[in-house]
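**Q** Quick one: this structure, given as structure tokens, is what I'll be asking you about.
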Amino acid sequence: MIVLNLSCENDHAFEGWFASAIAFESQLDRGLVACPVCASTKIVRKLSAPYVNTRSSVAAESAQKQPDQPARTAPASLPATTPTPEAIAAVMKALRQMASSSEDVGKRFPEEARRIHYGETEARNIKGQASADDVGELIEEGIMVVPLPPDEGEMH
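Sequential numbering from 599 applies to the sequence shown in this note's numbering.
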């Protein structure tokens, strides 16, 4: 599994998760990779150090899949309408409010999320850092994880 930084013709930046670079190229050639903001299929790969999952269980699972299967996160169909800039701004505002009212647990995020999920500590909104592997494991356990935008003061 690799994570790539992508951008559409309208400069919307997003990431995509693919079984391999070959799978990404195959999906791109067939128009299966679309911008989640504007649904454009004119996508370019941005310079980045892609994350490569090297766990043997994932490697064995990926080896059994065909390289041209759609990414796990690919939408079944494209949205009928493009979200308005106002709608996107409202979502970003809501996410920032959620982040500002959350307890920052830093690198203890995966551990603390599990403790909350399994009832070992009080339920509350938390934020922190987690690796792609940790996020995948949390999701597999049924723990909802939402990426939050950086605080406005942290943006450069």
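Glycine included, each C-beta is placed from N, C-alpha and C at the ideal position. The structure displayed is predicted, hence computed values, not measured ones.
What are the boundary residues of the alpha helix (DSSP H) that includes K691?
**A** 683–698
**Q** Reducing DSSP to helix, strand and coil, say where D627 ends up.
**A** helix
**Q** Is it true that the segment 688–695 meets the segment 709–718, where meeting means three or more beta-carbon pairs spaced less than 8 Å apart?
**A** The segment 688–695 is not in contact with the segment 709–718.
**Q** Under DSSP, the alpha helix (DSSP H) around V733 begins and ends at which residues?
**A** 730–738
**Q** Can you have a look at V631 and say buried or exposed, based on whether 16 or more other CB atoms are within 10 angstroms of its CB?
**A** buried
**Q** Per DSSP, which residues does C606 bridge with? Please list them.
**A** For C606, the pairing in a beta bridge is given by DSSP as I641.
**Q** List the residues that DSSP assigns as beta-bridge partners of V703.
**A** In the DSSP output, where bridge partners are listed per residue, V703 has none listed.
**Q** Closest by CA to N608, which one among G704, A637, F616?
**A** A637
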